[in-house]
Each structure stands twice: as C-alpha cells, then as structure tokens.
Amino acid sequence: MPIERRPLREQIRDELLRRLDRGYFSAGTDINEAALAADLGVSRTPLREALITLAGEGVLESSQGRGFRFAPVSRKEFRELCEIVAALEALALEGSDAAYLKKIAPELLRLARDFPDPVAEHQVIERHDDEWHDLLLSGCRNERLLDLITSVKAGMRRYAHLLAGDDAPLEREADEHCRVAELLMKGDLRAATEALRDNWVNGMARMLSRIPVE
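Heads up, the sequence shown is in UniProt numbering, so the first residue is 1 and it goes up one at a time.
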C-alpha cells in the first residue's frame, strides 16, 4: 500500500473498498484480521478501526466474538440505501445556490447528452454518473451532508459490483439526467429535485431486478 499523509485507517478502508470493487471478496465472506493485516502490511489496530468504519457504512457486519464479515446482499437493504441517498441528494440540491445551479445546468445537460447509451458496462456507467452527480451537488456547502452521501453510496456500490461486476452490461436512462438539467436551466428547483428523486427510484428498480428475492 502506498503511504499517504492521511490517517492509515482511511487508507486501509479505501483499499478494502477497491478490493471489494475488483471482486476479491464475496458477500458473506468472513474476515481473518490477522491474515488481512499481514497482507496489507499494517498492524491490526488501524485495520480494526477501518473495519469498524466499514461496518458503520453497512459494507461489513460485526458480531461479538465472531469478528467481521462482508454483509450479504438484501433487497430490503438496497431499497433502504437508495431511499436514503435519494433523500440526501435532494436535500443537498435544495440547499444549493439557485443561481449557481442555473449556471452549471448547461454542463450537466452536456454530460448527460454525451453519454446517451441505454445499456453500458457497469464501470463506465459508474464513472459517468459519478461525474454528473458530483457536479450537480458541487454547490452544496454542507460538508457533513456530502460526507454522509458518500458514506451511504459506499454501501450501495457493493451491490452493483457483487451482482454485476465491472464489465457487466447494466440498463440506465440518460433522459432522467437530462430532465434534471433542463429543469435547473428553467430555474425550477422544486421540479428538478423531484426529477432527481425519480432518477434514484427508477435506478433502484432496475438494480432490484438483479437481486434474488429473499
């Protein structure tokens, strides 16, 4: 692991998420802390701190005396995570400066139109969607809210990676992003916020079709 000037527990957390993204771990896999610490070249104290953080984000589960494991997938959990992110992003959008949103709306529309594919590889969708949503929320000054959105999204990402993988084709709807941008260009923040919620609800439905019924 490259050493950076930030807490080691954060570096470990990010590395574990990268490994999860690449398919190194499966849902329900138990974590051998001693072996993982040796593999990462770190002591167990910062590793445990990182594991506790990931458990708080819903990526891991912990139980007294049994340690940690990667959380199994659940339709209920994924639905709840989507509902939370939709509400939080809507709150962040509502709290953004209206003039700034109108200013960035043409770029949001351009980004949406430049990636119109109804089906694309998961890793490609994730990259473009991250760019679009990051720009959309760039006017929000509530850093705690943005951190919370990032944290909940970390729990969501494992579903796409575990169920589809980086190269798997996934359905998407570019028109939903276009709709949000067009409403912001008109200065209709309320309607744009509702359109953003619809985008999350529809995306949730598309992913739920891949999750087995409990």
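Backbone N, C-alpha and C define an ideal beta-carbon position, used for all residues, glycine too.
Would you mind reading off the limits of the beta strand (DSSP E) that contains residue i?
i: residue 60; result: 60 to 63
i: residue 197; result: No beta strand (DSSP E) contains residue 197, which is instead part of the alpha helix (DSSP H) from 189 to 208.
Please report the Cβ distance between residue i and residue j, rounded to the nearest whole angstrom; I am assuming they are in contact, meaning their Cβ atoms lie under 8 Å.
i: residue 184; j: residue 101; result: 5 Å
i: residue 201; j: residue 86; result: 7 Å
i: residue 159; j: residue 207; result: 6 Å
i: residue 9; j: residue 46; result: 5 Å
i: residue 33; j: residue 151; result: That pair is no contact at about 22 Å.
In this structure, what does DSSP give as the bridge partners for residue i?
i: residue 176; result: Paired residues: none, contrary to the question.
i: residue 171; result: 119
Does the count of Cβ pairs from the segment 174 to 186 and the segment 102 to 117 closer than 8 Å reach three? yes
Start-end ranges of the alpha helix (DSSP H) lying completely within the segment 74 to 131, minimum 4 residues: With a minimum length of 4 residues, the continuous alpha helix (DSSP H) runs that stay inside the segment 74 to 131 are 75 to 94, 98 to 114.
Decide if the segment 126 to 135 is in contact with the segment 64 to 79; the criterion is three or more beta carbon pairs, one per stretch, under 8 Å apart. no
Contiguous alpha helix (DSSP H) assignments of at least 4 residues, all confined to the UniProt domain "HTH gntR-type" (6 to 73): 8 to 21, 33 to 40, 44 to 56
The segment 138 to 156 contacting the segment 55 to 71, beta-carbon criterion three pairs below 8 Å: yes
Does the segment 45 to 52 touch the segment 7 to 19, meaning 3 or more C-beta pairs lie closer than 8 Å? yes
Across the segment 192 to 208 and the segment 81 to 95, are there enough close Cβ pairs to call them in contact, namely three or more that are closer than 8 Å? yes
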